[in-house]
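Residue numbers (the UniProt record's numbering): 1 to 99.
So the structure is just underneath, and the comments pick up after that.
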């Protein structure tokens with residue numbers, strides 16, 4: 001029963017990591033490009049985040065917004081699994097019902 005419960009938490013954590021990556025990868029890529037444009041003329045000249053996203057969509061397509069997404073997922077996946085399992089075990093030790 002414990003193994004089944006842990007596997008369920010693990011599956012939920014992987015799904016949460018995927019959703020988090022889908023949401024945060026474009027924002028992280030835009031933030032990185034805006035930060036790099038100050039130091040390098042090669043990156044491009046963007047007025048703001050929306051202009052950066054628009055230019056990336058025009059030049060690289062929708063997949064351009066997800067550059068670095070695999071690295072984000074590789075970090076969020078294990079982190080989320082550990083967090084989910086740890087929180088549930090702490091709730092169990094405190095005598096609270098599982099979520």
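Just so it is clear, CB atoms sit at the ideal spot from N, CA and C, and this is done for glycine as well.
With 16 other CB atoms within 10 Å as the buried threshold, where does residue i fall?
i	result
residue 56	buried
residue 84	buried
residue 58	exposed
residue 63	exposed
Thinking C-beta only, is residue j closer than 9 Å to residue i?
i	j	result
residue 21	residue 82	no
residue 67	residue 17	no
residue 53	residue 30	yes
Look at the alpha carbon of residue i and the alpha carbon of residue j, and state the distance between them as a whole number of angstroms.
i	j	result
residue 34	residue 69	17 Å
residue 76	residue 14	9 Å
* At what residue ranges does the UniProt repeat "Solcar" (4-93) contain a whole run of the alpha helix (DSSP H), taking only runs of 4 or more? -> 49-60, 69-93
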